[in-house]
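J.: Okay, here's the structure, questions in a sec.
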Ligand SMILES: Nc1ncnc2c1ncn2[C@@H]1O[C@H](COP(=O)(O)OP(=O)(O)OP(=O)(O)O)[C@@H](O)[C@H]1O
Ligand SMILES: [Mg+2]
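Numbering (my numbering), first residue to last: 1 to 249.
As structure tokens, this is what we get:
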């Protein structure tokens with residue numbers, strides 16, 4: 001599905017990504033983790049076609065990505081909801097923009113709001129619902145468009161631990177029901193191991209290590225020791241990065 005070859009991105013003189021090679025097969029999930037400023041968001045935006053690479057390329061289904069594609073769904077860190085529109089209208093917006101007729105929009109929007117447990121909040125504005133509910137509205141807004149590629153930047157980071165696990169469970173449930181290719185950027189080791197079939201550990205502007213996670217898809221994995229073994233492995237790779245930075249000082 002996604003094939004990244006020798007990708008480089010620069011912001012002016014600053015190199016944000018260099019020599020990135022990464023393959024993400026169709027309908028697999030990939031979690032990207034790494035220290036602040038290492039280039040995670042830049043990599044995600046490049047996959048979305050929102051940033052044009054300085055070198056190398058991103059291929060989606062064998063075709064070089066030149067701009068955004070309508071089959072790609074992006075969920076940003078702050079959710080990006082329009083504050084002056086209700087939950088319902090925020091979710092319906094993309095379908096309206098695609099010229100879908102009203103009856104079909106009504107059916108799809110109520111189905112996804114129901115699925116995400118927020119139908120009762122349909123007429124509220126983003127500032128009248130909780131952070132977790134807002135996050136669910138922004139997930140609904142993206143999923144209602146039925147993307148074949150879902151890109152998420154820190155989708156649960158603004159939530160407390162319990163709510164974060166709820167959102168993670170929900171994302172896993174939705175994925176199991178309707179698989180799509182999913183790439184998520186996260187700061188959380190536990191989230192990366194819970195939601196990533198492949199876990200990509202980044203260091204400054206580069207990929208440091210890739211771990212294949214055989215336990216992906218097990219809803220109860222958090223209660224099992226294997227889960228913590230993989231978490232420890234990810235932590236080990238991340239702390240290697242820290243100790244290298246210390247050495248450089
Ligand atoms: N628009 C921009 N202009 C200039 N430099 C930028 C821009 N966006 C990001 N950068 C720089 O590129 C590097 C990578 O940024 P990026 O946002 O991809 O990091 P990140 O891994 O997502 O960090 P965080 O975990 O803090 O979100 C950083 O050094 C950042 O300062
Ligand atoms: Mg970021």
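C-beta: ideal position from N, C-alpha, C; glycine also.
All figures in this text were calculated on a predicted structure; none of them were measured in a lab.
When burial is assigned at 16 or more other CB atoms within 10 Å of the CB, is residue 95 buried or exposed?
T.: Taking the first residue of the chain shown as 1, we reach residue 95 at position 95. Classification for residue 95: buried.
J.: Measure the CB-CB distance between residue 192 and residue 186 and report whether it falls below 7 angstroms.
T.: Indexing the chain shown from 1 puts residue 192 at position 192. Indexing the chain shown from 1 puts residue 186 at position 186. Less than 7 angstroms divides the Cβ of residue 192 from the Cβ of residue 186.
J.: What whole-angstrom Cβ distance do residue 86 and residue 125 have, given they're in contact under 8 angstroms?
T.: As a first step, residue 86 is located in the chain shown; it is residue number 86 there, counting from the start. As a first step, residue 125 is located in the chain shown; it is residue number 125 there, counting from the start. Confirmed, Cβ separation roughly 6 angstroms.
J.: Nearest to residue 163 by alpha carbon, out of 3, 135, 238?
T.: As a first step, residue 163 must be located in the chain shown, where it is residue number 163. Ranking the options by Cα distance to residue 163, first place goes to 135.
J.: So, helix, strand or coil for residue 137, using DSSP?
T.: Position 137 of the chain shown, counted from the first residue, corresponds to residue 137. Note: residue 137 maps to helix in three-state DSSP.
J.: Could you tell me the alpha carbon to alpha carbon distance between residue 142 and residue 206, rounded to whole angstroms?
T.: As a working mapping, residue 142 is identified with position 142 in the chain shown. As a working mapping, residue 206 is identified with position 206 in the chain shown. Near 29 angstroms, if we compare the C-alpha coordinates of residue 206 and residue 142.
J.: For residue 219 and residue 165, I'd like the C-alpha separation in whole angstroms.
T.: By one-based count along the chain shown, residue 219 stands at place 219. By one-based count along the chain shown, residue 165 stands at place 165. Distance between the alpha carbons of residue 219 and residue 165 is about 11 angstroms.
J.: Between residue 133 and the rest of its own chain, which residues show a CB-CB distance below 7 angstroms, the 5 nearest in sequence each way excluded?
T.: Looking up residue 133 in the chain shown gives position 133. For residue 133, where only same-chain residues beyond five positions count, the Cβ hits under 7 angstroms are 118, 121.
J.: Sort out for me which residues DSSP pairs residue 156 with in a bridge.
T.: By one-based count along the chain shown, residue 156 stands at place 156. Residue pairing by DSSP places residue 156 in no beta bridge whatsoever.
J.: Using a Cβ-Cβ cut-off of 8 angstroms (strictly less than) and excluding sequence neighbours within five positions of residue 88, which residues of its own chain qualify?
T.: As a first step, residue 88 is located in the chain shown; it is residue number 88 there, counting from the start. Cβ within range, chain order: 109, 113, 122, 123.
J.: Looking at the strands, I want to know which residues DSSP matches up with residue 102.
T.: In the chain shown, counting from the first residue as 1, residue 102 sits at position 102. DSSP output for residue 102 lists no bridge partner at all.
J.: Under 7 angstroms between the Cβ atoms of residue 140 and residue 91?
T.: The residue labelled residue 140 in the question sits at position 140 within the chain shown. The residue labelled residue 91 in the question sits at position 91 within the chain shown. Cβ atoms of residue 140 and residue 91: closer than 7 angstroms.
J.: Does the beta carbon of residue 36 fall short of 6 angstroms from some heavy atom of ligand 1?
T.: What you label residue 36 is simply residue 36 of the chain shown in a count that begins at 1. Residue 36 Cβ: within cutoff of ligand 1.
J.: Quick one: grab the DSSP three-state call for residue 131.
T.: Numbered from 1 along the chain shown, position 131 holds the residue referred to as residue 131. The answer is helix: DSSP assigns residue 131 an H, G or I state.
J.: Would you check whether ligand 2 has a heavy atom nearer than 6 angstroms to the C-beta of residue 198?
T.: What you label residue 198 is simply residue 198 of the chain shown in a count that begins at 1. Incorrect: residue 198 has no Cβ contact closer than 6 angstroms to ligand 2.
J.: Any heavy atom of ligand 2 closer than 6 angstroms to the CB of residue 41?
T.: What you label residue 41 is simply residue 41 of the chain shown in a count that begins at 1. Checking every heavy atom of ligand 2 against the Cβ of residue 41, one is found closer than 6 angstroms.
J.: Counting Cβ pairs, one atom from each stretch, are 3 or more of them under 8 angstroms apart for the segment 15-33 and the segment 177-186?
T.: yes
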